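*Asks:* Numbering (this note's numbering), first residue to last: 1277 to 1464.
1. By DSSP's criteria, residue 1289 is part of a beta bridge. Which residues make up the other side?
2. State the Cα-Cα distance for the pair residue 1333 and residue 1364, rounded to the nearest angstrom.
3. Exposed or buried, what is residue 1282 when buried is set at 16 or more other beta-carbons lying within 10 Å of its beta-carbon?
4. When the Cα atoms are used, what is the spatial distance from residue 1413 to residue 1309?
5. Under 8 Å, with one C-beta from each stretch per pair, do the stretch 1339-1354 and the stretch 1429-1448 reach the 3-pair mark?
6. Between the stretch 1365-1375 and the stretch 1318-1332, can you find at least three pairs of beta-carbon atoms closer than 8 Å?
7. Alpha carbon to alpha carbon, how far is residue 1400 from residue 1392?
8. Pick out the complete beta strand (DSSP E) segments inside the stretch 1378-1453, 3 residues or longer, and give them in chain order.
9. Are residue 1368 and residue 1341 close, meaning C-beta to C-beta below 9 Å?
10. Considering residue 1350, what are the terminal residues of the beta strand (DSSP E) in which it resides?
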């Protein structure tokens, strides 16, 4: 199942760190002015200039690894999302060379990085229960069909713990993708 990112007119969507690549139907927010950027705002300046529960979806592709305060940023996205809203993240996986090439990358991502925000056993934190992990995938889903690189991704996505503990340095994942659903107390 491919990721569905075609904007619907009835949904309100925010693209944080969009640069000049904002998708149609999204509000673009970036620290730098570019075509399609409506809101110029630093990712590290919290709160963001939106009301609580403003968005059905927030997308951060190749942006979350740059923030100074990872936990603060994820909690701010949670504040912006409506109950059941989706947070879509694409970022470098820790085993890929792109994670280390850019000196502005501050966070390195693993399969379990967002478990601290879920109610999953073994990852209790002050942030537990904020999100439900709907999907996580080494590489962008649907991006490597019929190529040799699809084989390690398929294996890694089937056996993520084994892959990260034993194989990721031999067959690195360039990126990792997450879909997180916002959980809000009192929401129906």
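Glycine residues also receive a C-beta, built at the ideal position from the N, C-alpha and C atoms.
Given the structure is predicted, the values throughout are model-derived calculations rather than measurements.
*Replies:* By the coordinates alone:
1. 1302, 1333
2. 8 Å
3. Interpretation of residue 1282 is limited by its pLDDT of 49, a score under 50 that renders its predicted location unreliable; no figure is taken from the coordinates.
4. 31 Å
5. no
6. no
7. 6 Å
8. 1407-1414
9. yes
10. No beta strand (DSSP E) holds residue 1350; the alpha helix (DSSP H) holding it covers 1346-1356.
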